[in-house]
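Heads up: the structure comes next, in structure tokens.
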Amino acid sequence: MRFAKPIDLAFLLTALGVVSYSDWFAYGAPTGRSVSLLFENDGVWPRFGERPSALLFHEPLTSKEAAQVCKENNETLLSRESFSSFSDQLLYFQSTGAIAVSSDDQTLSSNTVADISNEHPFLCTNSAPHTVQVDTDFTSTPRTTVTSHGTSFTGTRDHLAFRFMGIPFAQPPVGDLRFQQPQKFTGNSDINATGFKPGCLQFGSFQNNDLGLNPWGIDEDCLYLNVYTPFIPSNSSGSSQLKPVFFWIYGGGNTGGTGTDATFDGGPLVSRGDVVVVTINYRLNIFGFLALNDGVVTGNYALGDKIMGLQWVKENIAAFGGDPNRVLIFGQSAGGWSIIDLLRSPKAAGLFHTAVIHSGGSSTFRTQEQAQAAVEPTISKLCDGTGEARLQCLQALPAETLLNLTTQLSSWPSVQDGVLVLEEAVAQVSRGPSAVNSVPVIAGFMPDEGQSLMGTTVSPNATDFNASLVAIGGPSLAQAVLDSGLWVVNNETDVYNATVSVDTDRTLTCAGVNFAHAAAQSNAFPAFYVYNMHHAYGLSFFNPFGLCTFPVGQPQPYYRCHSGDLYEIFGTYYIFDQPPRTETDFFFTNLLQDLWVSFARTGNPNPSLEYLKSRGPAYESTVKILEQTGFVWPTFEDDTQVLASLEYPELGVEEGLPDDRNGRCSVICANDCAFIR
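Everything in the sequence shown is counted per full-length UniProt numbering, starting at 1 for the first residue and increasing by one.
Structure representation (structure tokens):
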């Protein structure tokens with residue numbers, strides 16, 4: 001709630017002085033003070049660099065002590081005139097009990113003339129730069145060090161958040177650790193976390209920096225994670241001040257992607273949500289998924305990596321300001337498959353508390369026999385032994401040799417191993433809460449996933465529906481779709497639109513429909529929410545034919561493509577020089593982040609209006625749309641099938657899962673609605 005007595009605000013603003021906590025560490029000062037990085041994120045990303053940023057120290061010092069520490073660390077006491085820029089955030093911190101200011105406190109600021117001997121919480125300028133490009137150089141940015149279980153992690157900060165990049169969470173999966181489940185990192189007790197590390201071995205957009213996306217390269221030694229946080233706690237902070245944790249798993253078909261993708265930079269979400277963001281690397285393609293049905297090479301190494309990352313979070317994240325008892329896992333596309341894998345894996349039990357599946361279908365699945373049959377002809381040409389002998393042969397091969405095999409082997413699903421993966425996801429979820437890690441879950445769809453997923457396979461000018469269907473799914477799919485009569489083609493543009501619709505259904509939507517039915521019918525999760533995302537912003541580097549967005553200032557129909565929700569959930573448009581099309585892009589991004597943060601905080605995606613109002617004017621757009629529409633996101637029930645219809649300002653609910661009640665998914669799934677077999 002906001003404060004009833006105006007005097008509270010007046011004394012709060014004039015009682016705060018300043019010190020730079022993160023620079024203090026670099027100079028070897030004590031690490032016993034809590035510090036928050038303040039930035040009022042109103043979602044208007046073109047102005048982020050113009051808005052001020054500051055450091056709030058929660059525990060008090062005298063004016064002289066505060067001023068001296070700031071001077072030593074190349075920061076200055078925040079002037080009294082600058083306090084107003086942070087008044088709403090300071091009120092929020094006071095309301096949560098993070099800072100305490102009494103009505104008889106005096107001023108600690110650069111305007112102070114007298115030497116004030118009383119101790120107060122205090123503010124410091126934050127001169128660290130705004131991260132606005134992929135290849136930002138952090139070598140000269142201020143340092144911040146935290147310690148967890150005897151290990152020191154030295155990171156940095158920018159304009160929006162404290163950043164710890166390139167933290168090893170497992171032993172390098174090389175040599176005799178190749179094709180093995182990850183081993184806990186036991187190396188250096190002093191971790192330099194001031195720069196990103198390479199992504200895992202792959203081909204595609206992130207294999208090099210040709211597209212300006214990955215200046216850190218790729219390597220078999222790739223099991224690193226990144227932490228973005230608004231808060232570094234002291235040892236005495238108490239668990240009540242710890243923030244919800246967002247644990248992100250990237251997509252890329254199990255063959256590409258990286259946790260260092262700047263699309264997933266945590267700064268905007270951290271500063272808006274008052275949450276901690278963790279992004280992780282995991283092994284890809286043959287290195288993360290090879291299974292040979294021999295009891296030795298069993299697959300699911302990538303899933304083991306994700307579980308190991310979650311174990312690291314459970315053990316260490318409190319030192320970075322995160323609450324290990326409020327961990328939200330979320331991922332998109334193959335990252336969504338990963339979320340489903342974690343929901344069904346007994347080895348992940350207790351490591352997370354809420355989950356969001358962005359465009360995840362029903363994950364992927366093969367039996368050991370199917371997995372071996374898919375790879376045996378190729379693998380046997382290099383290593384034709386069996387068991388341990390074959391494993392040793394594979395471990396001795398150059399990594400490049402194995403990576404090159406993936407040009408012949410493109411599908412890498414999770415594999416039934418009886419340990420990490422027990423059975424196919426829909427079947428397992430159908431058995432109810434005792435069969436899964438039963439936590440509150442959100443799952444959702446993009447209406448036009450197939451447009452970007454089919455890439456340039458079909459031209460927007462296509463006129464032959466049958467040929468287009470054969471191109472995306474083969475003759476049996478084409479025949480089933482044409483025989484059904486459920487996709488009507490009347491003019492030239494309809495061929496492309498209908499093909500996009502079919503590809504959307506066959507790749508992810510209909511599998512996701514099956515998952516939603518199974519979850520709702522079995523009550524697998526204590527709360528299950530479903531959405532359809534009607535607002536999108538196509539990624540600058542994943543936008544076939546430029547149809548996944550509309551021109552700036554010219555709202556018009558466009559495809560809500562696969563990955564069109566990523567800039568929105570992370571707010572990272574500006575790193576890729578993406579302009580706002582209309583102001584609704586600001587408001588929708590705010591709304592989406594506020595819904596997701598509410599889910600992480602409480603297990604319910606319906607934010608408290610009182611809480612949002614306590615955060616100040618930056619949250620007014622979300623408050624306004626929730627009050628105007630009366631929007632309440634209901635849990636998904638199989639009989640009523642009511643889901644959230646996410647758009648701005650047309651926020652509401654809709655009935656029926658996509659292409660379910662009209663019979664289209666029945667046609668698709670009779671042919672095959674699993675993305676990978």
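All C-beta atoms, glycine included, are put in the ideal place defined by N, C-alpha and C.
The structure displayed is predicted, hence computed values, not measured ones.
Item: Between the CA atoms of residue 569 and residue 581 - distance to the nearest angstrom; Value: 17 Å
Item: Supposed close pair residue 57, residue 142 - CB separation, criterion 8 Å; Value: Actually they do not touch by this definition, with Cβ atoms about 15 Å apart.
Item: Beta-carbon contacts of residue 577 that lie in its chain and below 8 Å, excluding the five residues immediately before and after; Value: 540
Item: Residues near residue 658 by beta carbon distance below 6 Å, same chain, minus five either side; Value: 445, 509
Item: Contacts around residue 566, its chain only, beta-carbon distance under 6 Å, and the 5 residues preceding and following it disregarded; Value: 263
Item: Backbone secondary structure at residue 274 - three-state DSSP; Value: coil
Item: Anticipated Cβ contact below 8 Å, residue 278 with residue 225, distance rounded; Value: 6 Å
Item: Counted within 10 angstroms of its Cβ, other Cβ atoms place residue 488 as buried (16 or more) or exposed; Value: exposed
Item: Beta-carbon gap between residue 307 and residue 345 smaller than 8 Å; Value: yes
Item: The region 423-434 in contact with the region 501-519 per 3-pair CB rule at 8 Å; Value: yes
Item: Pairwise C-alpha distance: residue 497 and residue 588; Value: 26 Å
Item: C-beta atoms of residue 442 and residue 545 nearer than 8 Å; Value: no
Item: Pair within 8 Å by beta-carbon distance, residue 158 and residue 129; Value: yes
Item: Alpha helix (DSSP H) segments (min. 4 residues) lying fully within the region 295-338; Value: 301-316
Item: Which listed residue (549, 384, 476, 160) has its alpha carbon closest to that of residue 667; Value: 476
Item: Endpoints, the alpha helix (DSSP H) within which residue 585 is located; Value: 584-602
Item: Boundaries (first-last residue) of the beta strand (DSSP E) holding residue 441; Value: 441-445
Item: Residues near residue 187 in its chain [Cβ-Cβ closer than 8 Å; skip 5 each side]; Value: 168, 171
Item: Which of helix, strand or coil DSSP assigns to residue 153; Value: strand
Item: Touch test, the region 525-541 against the region 323-339, Cβ-Cβ under 8 Å, three pairs minimum; Value: no
Item: Between the CA atoms of residue 239 and residue 119 - distance to the nearest angstrom; Value: 24 Å
Item: Inter-residue Cα distance where the pair is residue 536 and residue 218; Value: 30 Å
Item: Range covered by the beta strand (DSSP E) that runs through residue 665; Value: Note, residue 665: premise wrong, no beta strand (DSSP E); alpha helix (DSSP H) at 664-671.
Item: As assigned by DSSP and simplified to three states, the class of residue 514; Value: helix
Item: Assigned exposure category for residue 694 - 16 Cβ within 10 Å defines buried; Value: As shown, the chain starts at 1 and ends at 677. That puts residue 694 outside it, with no answer to give.
Item: Boundaries (first-last residue) of the alpha helix (DSSP H) holding residue 393; Value: 387-396
Item: Sub-8 Å separation of residue 355 and residue 329 beta-carbons; Value: yes
Item: At least three beta-carbon pairs within less than 8 Å, the region 283-292 to the region 246-257; Value: yes
Item: Extent of the continuous beta strand (DSSP E) run through residue 483; Value: Segment 475-484 is the alpha helix (DSSP H) holding residue 483; no beta strand (DSSP E) there.
Item: Euclidean distance between Cα positions of residue 364 and residue 272; Value: 34 Å
Item: Close-in-space but distant-in-sequence residues of the same chain around residue 454 (CB under 7 Å, 5 per side omitted); Value: 472, 503
Item: DSSP three-state assignment for residue 242, whether helix, strand or coil; Value: coil
Item: Chain-order list of residues whose beta-carbon lies under 7 Å from that of residue 319 (same chain, five-residue window excluded); Value: 146, 147, 148
Item: Buried versus exposed, by CB contacts within 10 Å (16 or more), residue 214; Value: buried
Item: Residue environment, residue 628, which counts as buried when at least 16 other CB atoms sit within 10 Å; Value: exposed
Item: Strand pairing of residue 143, partner residues [DSSP]; Value: 156
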